[in-house]
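I have placed the structure first, in the form of structure tokens, so that the comments after it can refer back to it.
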Amino acid sequence: MLYSKVTPAEKRVAFRKALADPQVAQFPGAFTPLSTKLIQEQGFEGVYISGGVLANELGLPDIGLTTLTEVATRAAQIARSTDLPALVDADTGFGEPMNVARTVQELEDAGLAGCHIEDQFNPKRCGHLDGKNVVDTATATKRIKAAVESRRDDNFVIMARTDIRGVDGLDAAIHRAKALADAGADVIFPEAMADLSEFERMAEALDVPILANMTEFGKSDLFTKQQLQDAGVAMVIYPVSLQRQALGAIERLLSAIREDGTQQAEVENMLTRKRLYELVDYNGYNQFDSGVFNFEVPGTPGN
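Counting with this note's numbering, you get residues 199 to 501 for the letters of the sequence shown.
Structure, rendered in structure tokens:
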């Protein structure tokens, strides 16, 4: 009922354990607080909060237009709704090293288990698009050092994302990743790897865990959990999958209403009223007030 009873500190410990586990940790991308309930029910290890998804929810492209306040506020709403650790995309840290430091502390206060900070500069763009701009190694490492030095909970995971693979190639990405790890990054997020062999080379070159981004329509094929595990990957995210699926369903529903004059053709694909009430835990609230859920919900597919 209400929010998770698992503390942020406990979630950060769980995140650390998941990264140390030989099994790949899977973090689907949540786009609403309620979607975390479904992720948790399926037994995933954590929740990912994509900066692109947060921008899209505001009707904006993923080019660095969101602010720290917007990201921290929405990330807090999502993180507190689940018992799972949540990793959030902090873009470039929202400014210079001092801004990065503030970003980390704001995200700690928001209850996140970790964040990743990238080496692009504005106007930034999705990691699987061409034409990206990256900062030099000195600037990139300053961001990570600021993040590490500013955190107050040592278990808060500082992840470094590098986009240099799409600009200067794999060797440059490995060199950058090593520098970011030396700067204190707990995990490396090498964006837009071309194939499994590139993940293998990255994992072999580093002493810290690496993350794989399995986003649809991107530079990487959609490898399986086992393939990534065999390649040395410790964690995989599915950043936009839930949002894409949901928006696709919404578009089909709206088309049906427009064309048929009714939503009837899509009702069988909807979450039932009964299932929705289970997710928001009406029964739990009823323990406090018997007037909250003092009615019967028919269990038919149309409700």
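From the three backbone atoms N, C-alpha and C, an ideal C-beta is built for every residue, glycine too.
- According to DSSP, residue pairing for Asn411 in a beta bridge involves Ile435.
- Rounded to the nearest angstrom, the Cβ distance from Asp361 to Glu398 is 20 Å, too far for a contact under 8 Å.
- Comparing alpha carbon positions, the residue from Asp393, Ala375, Ala447 and Ser348 closest to Asp307 is Ser348.
- Bounds of the alpha helix (DSSP H) holding Val346 are Thr335 to Ser348.
- The bridge partners DSSP lists for Met357 are His314 and Val385.
- Under the DSSP definition of a beta bridge, Phe225 partners with Ile435.
- Counting only the Cα atoms, Ala284 lies some 18 Å from Glu255.
- The beta carbon of Arg450 sits closer than 7 Å to those of Glu464, all from its chain and outside the five residues before and after it, given in chain order.
- The shortest C-alpha to C-alpha distance from Val332 to any of Lys343, Asp352 and Asp289 is the one to Asp289.
- Judged by pairs of C-beta atoms under 8 Å, the stretch 218-234 touches the stretch 243-253, as three or more such pairs exist.
- Leu217 and Ile356 have their C-alpha atoms spaced approximately 12 Å apart.
- If you ignore the 5 residues before and after Ile455, its C-beta comes within less than 6 Å of the C-beta of Gln461, all in its own chain and listed in chain order.
- Taking the Cα of Ile448 as reference, the smallest distance to any Cα among Met412, Asn467, Phe387 and Phe225 is reached at Asn467.
- Under DSSP, the beta-bridge partners assigned to Asp287 are His314.
- In the structure shown, the three-state DSSP call for Val204 is coil.
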